[in-house]
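Numbering (the numbering used here), first residue to last: 1328 to 1458.
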Amino acid sequence: FGVVATQRPELLAPAMAGSTLGAFITPDYDFESIYIKSVINKIPIFGALWNAYWWPYAVLFKHRKLSHNLVLGTLTRFIYLLLPVYILYIYYIYTRIAISVESILWIYFFWYVQDLSHYILDSKFLSKKDD
């Protein structure tokens, strides 16, 4: 964030959004007991809705299959999230808060960077066990 803030300050918000999405919507969301699910469940109402929204994704994309694909993994989660993002985008239009397509693409880029680090750390080269 420091490099982005000093070199391209206009990208700081998308960088933070993409990295946060990458942390909250991990390739491991198919596991029933991952830490982030327990944290989100503590948020009244939203937590239950959020995890319920991602349940079909978890059923469809099994661990270390398409969800961990370097090209398609982040893209599948990004597309899955498009409907709520589109609804938020319409809200922003009606409230006169603008969000550009470029910002959305930068959010996706930084989300991908977050996922790429997950893939590397989760790889069979660095992991001693395969779940």
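Beta carbons: idealized from backbone N, C-alpha and C, even for Gly.
Is DSSP giving residue i helix, strand or coil here?
i, result
"leucine 1397", "coil"
"isoleucine 1361", "coil"
"arginine 1335", "coil"
"tyrosine 1380", "helix"
"phenylalanine 1436", "helix"
"phenylalanine 1405", "helix"
"serine 1427", "coil"
"isoleucine 1417", "helix"
"isoleucine 1447", "helix"
For residue i, collect the residues of the same chain with a Cβ closer than 7 Å to its Cβ; drop the 5 residues on either side in sequence, then sort them by chain order.
i, result
"asparagine 1378", "Lys1364, Ile1367 and Asn1368"
"leucine 1393", "Leu1399, Gly1400 and Thr1403"
"tyrosine 1407", "Tyr1384"
Tell me which same chain residues have a C-beta within less than 6 Å of the C-beta of residue i, skipping the five on either side of it?
i, result
"proline 1341", "Ser1430, Trp1433 and Ile1434"
"tyrosine 1439", "Thr1401"
"tryptophan 1381", "Tyr1356"
"isoleucine 1361", "Asp1355"
Pick out whichever of the options has its Cα sitting closest to the Cα of residue i.
i, options, result
"proline 1383", "Asn1396, His1395 and Thr1403", "Thr1403"
"valine 1428", "Tyr1413, Leu1387 and Thr1422", "Tyr1413"
"aspartate 1442", "Pro1336, Asp1355 and Arg1335", "Asp1355"
"histidine 1395", "Pro1371, Pro1411, Leu1348 and Thr1353", "Thr1353"
Do residue j and residue i come within 7 Å of each other at the CB atom, strictly closer than that value?
i, j, result
"glycine 1345", "phenylalanine 1405", "no"
"leucine 1338", "valine 1330", "no"
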